[in-house]
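So the protein sequences, as listed, match chains A and B.
Residue numbers for the first sequence follow the working numbering, beginning at 1411 and rising by one.
Residue numbers for the second sequence follow the working numbering, beginning at 1411 and rising by one.
By construction, the Cβ of each residue, glycine as well, lies at the ideal position given by its N, Cα and C atoms.
If you're wondering where the values come from, they're calculated on a predicted model, not measured in any experiment.
Below is one structure, written out as structure tokens; the observations come after it.
There are 2 protein chains.
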Amino acid sequence: MNERFKVDENEKIDLNKIDPDYDGKLSKDELEDLLKDNIKEIIKYQEKLYAENKQSLLIVLQALDTGGKDGTIRNVFGPINPQGCLVTSFKAPTSVELAHDILWRVHKNTPAKGMIGIFNRSHYEDVLVVKVRDWIDDEECEKRYKHINNFEKLLRDNNTRILKFFLYISKDEQKKRLEERLSVPEKNWKFAKGDLAERKLWDKYMRQFEEVLQKTSTDYAPWYIIPANNKKYRNYLISSIVLEEFKNMDPKYPEPEEGLDEIVID
Amino acid sequence: MNERFKVDENEKIDLNKIDPDYDGKLSKDELEDLLKDNIKEIIKYQEKLYAENKQSLLIVLQALDTGGKDGTIRNVFGPINPQGCLVTSFKAPTSVELAHDILWRVHKNTPAKGMIGIFNRSHYEDVLVVKVRDWIDDEECEKRYKHINNFEKLLRDNNTRILKFFLYISKDEQKKRLEERLSVPEKNWKFAKGDLAERKLWDKYMRQFEEVLQKTSTDYAPWYIIPANNKKYRNYLISSIVLEEFKNMDPKYPEPEEGLDEIVID
């Protein structure tokens, strides 16, 4: 069922053909209930993942400004035990980070065994904004796709499952959300004038997202395009895909040490 | 009201005089409701702390095995937005960590501005197990207290508030909890035979905790002794102390940039 949102590496992507308003014909209440049910199950799986201490889950969130990365983290992953869940927000790189390859700062923050790692932005920034703004050329960008794919294979070969979500909103929805940041005092702090410059490049961003999703969606680290105008649907859908992955991972409590039944506590 | 649980640096501590069963004469239901109310308020403060981006909060959890560190993190801090909350669990030090001073690995994990940092165990391990087992002598231990106090002052002078909680359970309660780990299959993985050796040193640990709490409770980084036999009371009390500290910190949404009201989104 979630398959239809997965990017098929062999099929050309046309974001214009995808409806960011899609809501599965589910009502607000239904979506809230479904999310709650999913989260309950995810919490149980997370505890087993942590106890098992053999596999990891890496979740990558990419979107344009106001796309809903923060809201997804708060609503889908907020209820998870924070001890087993590490969120890394990648900002503009520091000078030390810039003095290394694009995967250096990312590698340091990949989830350890037993952990869920969440990337709020990621190494994909290094094939998005920099390409849209022509700071790197096609050749460099192609190289980066390959490095990224190889890097993700390394993680997957070390028992890290990777789910990548592109939160897809429409340009009108972004307008609405930016206006809200301007008009609601408690949201003012999220507004950055620089976001307007990026918004002007909307179409260029969409074309670059199409290319990135196409070139870096693999069977071991697939991209999902999440219709994200409806926040409740977005949360529900992401929770469903995560839950499905947990079912595939099937983490188990470790076998007890030998001889536990003979132990007497003084 | 929470003052009574705070360690007074000028008064000698006698853990025998503190009742780990204390529950404030509150029922299970009352404690659950009070915790929920506190968490609701904490979540609001956390968002402001993050938006303000000027202060940090560091929470240190110390206890003997089964003392309830994991449960506290799950129940009190679980509902907080994971993006603003970083849990660090300190295990036995690696060889690289051992090649540095005791504060090196800790310093790397202190919370950035806007963040809550939670230490599951901490630099205090380096004045507890190592002293109880006589791996360091009194002179070295005294030096470490001073280094710790100086280090925490550095953090406080950089706008990090520090709350340190010693989760105080009785020896009988530990017995009960260890037996539960043995008898409940889903808890087997938490049982480590090594914990029994530590349990044999119970009294020595209590005396060392008394010394540590005394020597490292300061006005800028106080210790609280949390009666922790009753898990619901423990969670409620810790949430109350955290909430009180947030009220003192009084984080505020930043002032909006100039000229926001003139902006029109195309």
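Hey, is residue 1652(A)'s beta-carbon within less than 8 angstroms of any beta-carbon in chain B? When Cβ-Cβ separations below 8 angstroms define contact, residue 1652(A) makes no contact with chain B.
List, in order along the chain, the chain B residues whose C-beta lies closer than 7 angstroms to that of residue 1596(A)? Ordered by position in chain B, the residues that pass the 7 angstroms Cβ test against residue 1596(A) are 1663.
Distance CB(residue 1661(B))-CB(residue 1496(B)) smaller than 8 angstroms: In this structure, the beta-carbon distance from residue 1661(B) to residue 1496(B) does not fall below 8 angstroms.
List the residues of chain A whose Cβ lies closer than 9 angstroms to the Cβ of residue 1601(B), in chain order. Near residue 1601(B) (Cβ distances below 9 angstroms), the residues of chain A are 1666, 1667, 1670 and 1673.
So if I threshold CB-CB distances at 8 angstroms, which residues from the segment 1478–1505 of chain A count as touching chain B? Residues 1480, 1483, 1484, 1487, 1488, 1489, 1490, 1491, 1492, 1493, 1495, 1496, 1497 and 1499.
Is residue 1571(A) helix, strand or coil by DSSP? It is a strand residue.
Nearest-angstrom beta carbon gap, residue 1498(B) and residue 1463(B) [assumed within contact, 8 angstroms]: Between residue 1498(B) and residue 1463(B) the Cβ distance is about 20 angstroms, and since that is not below 8 angstroms, they are no contact.
Out of 1636(A), 1615(A) and 1568(A), which one is the CA nearest neighbour of residue 1521(A)? Taking only the C-alpha atoms, the option nearest residue 1521(A) is 1568(A).
What does residue 1589(B) touch in chain A if you count any residue whose Cβ is under 8 angstroms from its own? Chain A residues near residue 1589(B): 1675.
Exposed or buried, residue 1504(A), counting other C-beta atoms within 10 Å across all chains shown (16 or more means buried)? By the neighbour-count rule (16 or more Cβ atoms within 10 Å), residue 1504(A) is not buried but exposed.
Please list, in chain order, the residues of the segment 1568–1590 of chain B that have any C-beta partner in chain A closer than 7 angstroms. Interface annotation for the segment 1568–1590 of chain B against chain A: 1585, 1588 and 1589, criterion Cβ-Cβ distance under 7 angstroms.
With a threshold of 6 angstroms on Cβ separation, who are the neighbours of residue 1468(A) within its own chain once the five nearest residues in sequence on each side are excluded? Within the same chain, residue 1468(A) has close Cβ partners 1521, 1527, 1570 and 1572.
Express the C-alpha separation of residue 1547(B) and residue 1488(A) in angstroms, rounding to a whole number. Taking the straight line from one Cα to the other gives about 44 angstroms.
Do residue 1449(A) and residue 1649(A) come within 8 angstroms of each other at the CB atom, strictly closer than that value? Using a Cβ distance threshold of 8 angstroms, residue 1649(A) and residue 1449(A) count as a contacting pair.
What does residue 1461(B) reach in chain A if we use C-beta pairs closer than 7 angstroms? Near residue 1461(B) (Cβ distances below 7 angstroms), the residues of chain A are 1599.
Looking at chain B, is there any beta carbon in it that lies within less than 8 angstroms of the beta carbon of residue 1448(A)? Closer than 8 angstroms to the CB of residue 1448(A) there is not a single CB belonging to chain B.
Hey, out of 1475(A), 1670(A), 1557(A) and 1447(A), whose CA is closest to residue 1605(A)'s CA? If we check each option's Cα against that of residue 1605(A), 1475(A) comes out closest.
Roughly how many whole angstroms lie between the Cα atoms of residue 1655(B) and residue 1626(B)? Between the C-alpha atoms of residue 1655(B) and residue 1626(B) there is a straight-line separation of about 19 angstroms.
Could you check whether the Cβ of residue 1530(A) sits closer than 8 angstroms to any Cβ belonging to chain B? By this cut-off, residue 1530(A) is an interface position.
Tell me the DSSP bridge mates of residue 1496(A)? BP columns for residue 1496(A) point to 1527(A).
For residue 1468(A) and chain B, any beta-carbon pair shorter than 8 angstroms? It does not; no Cβ of chain B falls within 8 angstroms.
Chain B residues whose Cβ lies nearer than 9 angstroms to that of residue 1592(A): The contacting residues are 1666, 1670, 1671, 1673 and 1675.
Spell out a yes or no on whether the segment 1430–1438 of chain A and the segment 1570–1589 of chain A are touching, meaning 3 or more CB-CB pairs, one atom from each, closer than 8 angstroms. The answer is yes - the segment 1570–1589 of chain A touches the segment 1430–1438 of chain A, with three or more Cβ pairs under 8 angstroms.
Assigned exposure category for residue 1639(B) - 16 Cβ within 10 Å defines buried: Result: buried.
I'd like to know if the segment 1584–1598 of chain A and the segment 1434–1444 of chain A are in contact, where contact means that at least 3 CB-CB pairs between them fall below 8 angstroms. Taking 8 angstroms as the limit for Cβ pairs, the verdict is that the segment 1434–1444 of chain A does not touch the segment 1584–1598 of chain A.
Buried or exposed by the 16-neighbour rule on C-beta atoms within 10 Å, applied to residue 1437(B): With fewer than 16 other Cβ atoms inside 10 Å of its own Cβ, residue 1437(B) counts as exposed.
With 16 other CB atoms within 10 Å as the buried threshold, where does residue 1646(B) fall? Per the 10 Å Cβ criterion, buried.
Sort out for me which residues DSSP pairs residue 1628(B) with in a bridge. Looking at the DSSP output, residue 1628(B) shares a beta bridge with 1631(B).
Whole-angstrom distance between residue 1465(B) and residue 1415(B), CA atom to CA atom: When only Cα atoms are considered, residue 1415(B) and residue 1465(B) end up about 24 angstroms apart.
CA-CA distance, residue 1643(A) and residue 1425(B)? In a straight line, the C-alpha of residue 1643(A) is about 53 angstroms away from that of residue 1425(B).
Between the Cα of residue 1525(B) and those of 1491(B), 1506(B), 1514(B) and 1501(B), spot the shortest distance and give me the residue it belongs to. Closest in C-alpha terms to residue 1525(B), from the list 1491(B), 1506(B), 1514(B) and 1501(B), comes 1491(B).
Hey, residue 1652(B) and residue 1453(B): beta-carbon distance below 8 angstroms or not? No, the Cβ-Cβ distance between residue 1652(B) and residue 1453(B) is not below 8 angstroms.
Where the alpha helix (DSSP H) containing residue 1445(A) begins and where it ends: Residue range 1438–1462 is occupied by the alpha helix (DSSP H) that includes residue 1445(A).
According to the Cβ coordinates, are residue 1506(B) and residue 1615(B) closer than 8 angstroms? In this structure, residue 1506(B) sits away from residue 1615(B), with a CB-CB distance that is not shorter than 8 angstroms.
In whole angstroms, what separates the C-alpha of residue 1484(B) from that of residue 1411(B)? The alpha-carbon separation between residue 1484(B) and residue 1411(B) amounts to approximately 25 angstroms.
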